[in-house]
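Visitor: Structure incoming, see below.
Numbering (my numbering), first residue to last: 105 to 291.
Here it is in structure tokens:
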């Protein structure tokens with residue numbers, strides 16, 4: 105795997121070994137970042153189910169202000185640490201070795217807000233209603249939520265999120281959401 109563009113362009117990153125993590129393919133990541141290019145510069149990024157951290161690292165390489173990477177898997181957490189250090193993004197990244205619920209609670213208590221949120225859970229986790237509802241207090245007003253899922257099988261999300269775009273790349277599906285009209289992060 106490699107970083108596609110930006111300050112760390114063409115630098116390689118590691119992925120956790122084994123079948124527990126499914127890194128976003130380079131070509132999918134490239135297409136995704138072409139679509140969301142205007143949302144990345146200066147963005148505060150939250151990456152739940154981060155795995156290798158590839159999505160956050162790509163965002164940082166392309167000018168995101170900061171990134172929080174969350175994964176409960178120890179191997180993934182160690183790989184995130186290594187990748188973040190090797191690319192020189194340690195000062196912009198916060199790594200959290202815990203489950204998504206603990207991370208959201210901690211970030212909410214800290215008063216964190218995010219402009220760009222990546223959700224790349226295991227494909228078997230098809231109901232993200234609770235996850236996406238819990239993200240509302242962390243959402244900046246113009247937040248973009250990106251959900252990766254099995255192609256043809258989008259995950260269920262809270263009705264507070266409105267689908268803006270959906271793409272398919274082989275077996276990978278991407279769904280992009282904004283807060284529904286009139287919705288604010290405070291609700």
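Cβ atoms here follow ideal geometry from the backbone N, Cα and C, with glycine treated the same way.
From residue 290 to residue 262, what distance separates their C-alpha atoms?
Guide: Reliability fails at residue 290, whose pLDDT of 48 lies under 50, so the model's placement of it is uncertain and the value that follows must be treated cautiously. In a straight line, the C-alpha of residue 290 is about 15 Å away from that of residue 262.
Visitor: Evaluate residue 274 with the Cβ neighbour count: other Cβ atoms within 10 Å of its Cβ, from every protein chain shown; 16 or more gives buried, anything less gives exposed.
Guide: exposed
Visitor: May I have the straight-line CA-CA distance separating residue 230 from residue 149, to the nearest angstrom?
Guide: Distance between the alpha carbons of residue 230 and residue 149: 22 Å.
Visitor: For residue 157, which residues in the same chain have their Cβ closer than 6 Å to its Cβ, ignoring the five residues on either side in sequence?
Guide: 173, 184 and 187
Visitor: For the beta strand (DSSP E) containing residue 183, list its first residue and its last residue.
Guide: Element bounds for residue 183: not the beta strand (DSSP E) but the alpha helix (DSSP H), 178-191.
Visitor: With a Cβ-Cβ cutoff of 7 Å, do residue 176 and residue 213 count as a contact?
Guide: The Cβ atoms of residue 176 and residue 213 do not sit closer than 7 Å to each other.
Visitor: With residue 179 and residue 121 assumed to form a contact (beta carbons below 8 Å), what rounded beta-carbon distance in angstroms separates them?
Guide: 7 Å
Visitor: Could you please give me the residues that DSSP links to residue 213 through a beta bridge?
Guide: Partner(s): none; residue 213 has no beta bridge.
Visitor: Any contact of the stretch 233-242 with the stretch 157-169, i.e. 3+ C-beta pairs under 8 Å?
Guide: Short answer: they don't touch.
Visitor: From this set, 284, 256, 260 and 250, which residue's C-alpha is nearest residue 269's C-alpha?
Guide: Proximity to residue 269 across 284, 256, 260 and 250 peaks at 250, based on C-alpha coordinates.
Visitor: How would you label residue 206, buried or exposed, when you count the other beta carbons within 10 angstroms and need 16 or more for buried?
Guide: Counting C-beta atoms within 10 angstroms of its own C-beta, residue 206 has fewer than 16 neighbours from the protein chains shown and is therefore classed as exposed.
Visitor: Just to confirm the assignment: which complete alpha helix (DSSP H) runs, minimum length 4, are found wholly within the stretch 127-152?
Guide: Listed in chain order, the complete alpha helix (DSSP H) runs (minimum 4 residues) inside the stretch 127-152 are 130-139.
Visitor: Check the DSSP bridge columns for residue 269 and list the partner residues they point to.
Guide: 280
Visitor: Under the three-state reduction of DSSP, which class applies to residue 239: helix, strand or coil?
Guide: Coil, per DSSP.
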